[in-house]
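Chains as they are written, first to last, in the numbering used here: chain A, 1 to 255; chain B, 1 to 274. Note that CB positions come from ideal geometry on N, CA and C, so glycine has one too. The next block holds one structure in the form of C-alpha cells; read it before the comments.
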C-alpha cells in the first residue's frame, strides 16, 4: 500500500503488540478518566493526569490527551507504554502519508489507522499487558465538522455523536453527561468554550471523587487536568491559568 | 570495452556531457535564509519541484521527475524510520545526504552500464537556532556541498555562478520574507536567462566558449521582471518555507497564491497574477 509507514516499519522487523505473558502479581500502570464532547465550536477533549499501578500512584503529571497532528488528538486509557507507542506510530504514519502522497490522510483513513493498530494489539491486550481503550477526536474537513470516536480493545470503532468517555472513572461521569445533556439548562452542543471547560473540570472532579485511580485537581501543586479544543482552526490547549481561575470561581465549593 | 581504466574514465566523461545536456531545459532553484527561517523558490511546469521531507527538512530539485521521486522516497523512508526509532532531533540533513543518498547517486553515476540519476538536489534544514540552518546541494555525480545563507541549483556552472554572485551582492541581513522572496525571484530570473544564453551560445558555435562580456552584465530589474512575466505565462511559481515560528513539529509550509500576492509589491504582482 502506498505511503503506509506501519508497513514500512514491519518490513524492517519492527514488532508491535506482541503478547508478553503477564507475571502473577505484576501491576501494570493503567486507569484514568478521559472524556470528549461536542460543544458550540467543535470538540473538547479532556483527561486527568494520574497514572496508577494497582494501589500505587505512579505519576501525577501524565498527559493523556496526546496531539497526533494539527487537527487530531488521541486521549488514552489503559497501559501507557502501549498507548504512547501507538501515538508515536500514528503521528509518524500521518506525516509519512502526507509527505509521500502529497495530500492529507482523510479523517476516515485516520480512524482506520487507529483501528488497525488496536487490532494488531489484540494479543497483548488479551494477555493483560497492553490493553488500550482510546478516544480519538479530530476535525473532518470533508464533512466540515469535529468528530469523536471511541474504541474497544479489539479495535471496533464507534462514533460518539454527542460525547464519549473511557477509563476507570468513566462510569461515574457517563451518567452525569447524560443527565446534563438531556435535562441540564443548556445541552452540551450549544455550550461556549468557557461553559464547556467548566463542565469538563466538574466532570473530572466528580470522577476523582469516586475513582481512586483518577487524579482530580491538586491546587497546592497547581495540577490541573489537560483540556484541549479541536476546531476548524486546529488544536488549542487551555492554559493552566484559565483552568485555575475557572476552577476557583465555578467548580470548587467551600463548605 | 570499459574494462580498461582509460575507457572507464572516458565513459564517465561522456556521462558528464550527457547529463549536463539533460538539465538544459530545467528550472533553477533558489534557497535562502530569511529572518524567520528558510525560503525555497522555483518555477515549475506540471510536476512540483519542492517537497517536505521531515519536520525541519525540505527538498528542492532539478532534473528528471522519476529520478527525483525515487530519491525523495528514499529520503522520506530514511528520515521517518530514523525519527521513529530514534527521535526527530536525530534526523539531520547532513546525515541523510552524507550516509544516505550521496553514496547512492555516486554509485549510479560511476556504474557506466546503468542509468545515472538525472538530478541536482538542494536539501534545506531548519536548525534549532538560526545559526544552525544548513543548505546542502548534491550534484548528479554524488558530490555535495554544505552551505549557509543561500544555495542555488542551475543547469550550467556559469548560470550557477551568476546567481550566487547576485545573491552575494544583494542579500540583506537580516532579510525579511518579503525582501527574500523578491530577491529569490530576481535570482531565479538571472539563472533562467543565463540558461537561455548558454544554450544559445552552445548551439551557435558548437559548445565553444564565446566572448564572456555578454555574460558579465547583470540584467536590470525591468528585464528580470519581463522575463519572469514571460515564463510564468504557462508555468507556476512555487515557493515553500521552513518557518521557525510554525506551531507544531512540522515546519514546512507551501506558500499559497494569495499569500504570495500579499508578499510581493506592485510590479511583481503583475508577474504573479497575470
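Practice prompt. Could you name the residues of the segment 80-109 of chain B whose beta carbon sits closer than 7 Å to any beta carbon of chain A, in the order they occur along the chain?
Written response: Residues 80, 81, 83 and 84.
task = May I have a chain-ordered list of the beta strand (DSSP E) segments no shorter than 3 residues that lie completely inside the segment 26-113 of chain A?
result = Listed in chain order, they are 34-39, 42-47, 51-53, 56-59, 65-69 and 72-75.
Check: How long is the line joining the alpha carbons of residue 175 (chain B) and residue 202 (chain B), rounded to whole angstroms?
Finding: It is roughly 37 Å from the alpha-carbon of residue 175 (chain B) to the alpha-carbon of residue 202 (chain B).
Within 8 Å of any Cβ in chain A, is that where the Cβ of residue 211 (chain B) sits? Note that residue 211 (chain B) scores a pLDDT of 47, beneath 50, so its modelled location is shaky; the value from the coordinates is reported in the next line. Chain A, which has no Cβ nearer than 8 Å to the Cβ of residue 211 (chain B), makes this no.
Which whole-angstrom value describes the C-beta separation of residue 109 (chain B) and residue 141 (chain B), a residue pair presumed to lie in contact below a C-beta threshold of 8 Å?
Between residue 141 (chain B) and residue 109 (chain B) the Cβ distance is about 5 Å, and since that is below 8 Å, they are a contact.
request  = Sort A:107, A:60 and A:157 by Cα distance to residue 222 (chain A) and report the nearest one.
outcome  = Distance from the Cα of residue 222 (chain A) is smallest, within the candidate group A:107, A:60 and A:157, for A:60.
Review point. Do residue 151 (chain A) and residue 157 (chain A) have their C-beta atoms closer together than 8 Å?
Key: Going by C-beta atoms, residue 151 (chain A) is nearer than 8 Å to residue 157 (chain A).
Fill in: Same chain only: Cβ atoms within 8 Å of residue 73 (chain A), ignoring 5 sequence neighbours per side
Leaving aside the five residues that flank residue 73 (chain A) on each side, the residues in its chain whose CB is nearer than 8 Å to its CB run, in chain order, 45, 65, 66, 67, 136, 137, 138, 228, 230 and 235.
*Should residue 178 (chain A) go down as buried or exposed, given a rule of 16 or more other Cβ atoms within 10 Å for buried?*
By the Cβ neighbour-count rule, residue 178 (chain A) is exposed, with fewer than 16 other Cβ atoms within 10 Å of its own.
- Step through the CB atoms of chain A and report whether any lies within less than 8 Å of the CB of residue 274 (chain B). Reliability of the predicted coordinates at residue 274 (chain B) is poor, the pLDDT of 49 falling under 50, and no value is obtained from them.
Item to complete: Determine the direct distance from the alpha carbon of residue 84 (chain A) to that of residue 153 (chain A), and round the result to whole angstroms.
Response: Approximately 15 Å between the Cα atoms of the pair.
Could you check what DSSP says for residue 1 (chain A) in three-state terms: helix, strand or coil? Under the three-state reduction of DSSP, residue 1 (chain A) is assigned to coil, being neither helix nor strand.
- prompt: What residues in the segment 2-13 of chain A have a beta carbon less than 8 Å from any beta carbon of chain B?
  reply: Identification of residues in the segment 2-13 of chain A having a C-beta nearer than 8 Å to some C-beta of chain B yields 5, 8, 9 and 12, given in sequence order.
- Within 8 Å (strictly less), CB to CB, does residue 207 (chain B) reach chain A? Summary for residue 207 (chain B): the model assigns pLDDT 48, below 50, so the residue's position carries little reliability, and this model does not support an answer.
Host beta strand (DSSP E) of residue 235 (chain B) (start-end)
Taken as a continuous stretch (DSSP letters only), residue 235 (chain B) belongs to no beta strand (DSSP E), as it is neither H nor E.
Quiz prompt | Element boundaries [alpha helix (DSSP H), containing residue 27 (chain B)] | solution = Looking at the DSSP string, residue 27 (chain B) is not in any alpha helix (DSSP H), and its letter there is neither H nor E.
Residue 71 (chain A) touches chain B at which residues, Cβ-Cβ below 7 Å? Annotation: residue 71 (chain A) has no Cβ neighbours in chain B at a cutoff of 7 Å; minimum Cβ distance is about 10 Å.
Original post:
What residue range is occupied by the uninterrupted alpha helix (DSSP H) comprising residue 126 (chain B)?
Top reply: No alpha helix (DSSP H) contains residue 126 (chain B), which DSSP labels as neither H nor E.
- prompt: Which value, in whole angstroms, describes the spacing of the CA atoms of residue 7 (chain B) and residue 121 (chain B)?
  reply: The alpha-carbon atoms of residue 7 (chain B) and residue 121 (chain B) are separated by roughly 29 Å.
### Task
Could you check the C-alpha separation between residue 195 (chain A) and residue 210 (chain A) for me, to the nearest Å?
Each residue's alpha carbon lies about 23 Å from the other.
Rounded C-alpha distance that separates residue 129 (chain B) from residue 181 (chain B): The alpha-carbon atoms of residue 129 (chain B) and residue 181 (chain B) are separated by roughly 21 Å.
query: Under the three-state reduction of DSSP, which class applies to residue 73 (chain B): helix, strand or coil?
result: DSSP places residue 73 (chain B) within a helical segment (H, G or I) once states are collapsed to three.
Going by the DSSP bridge assignment, what does residue 156 (chain B) pair with across the sheet? DSSP output for residue 156 (chain B) lists no bridge partner at all.
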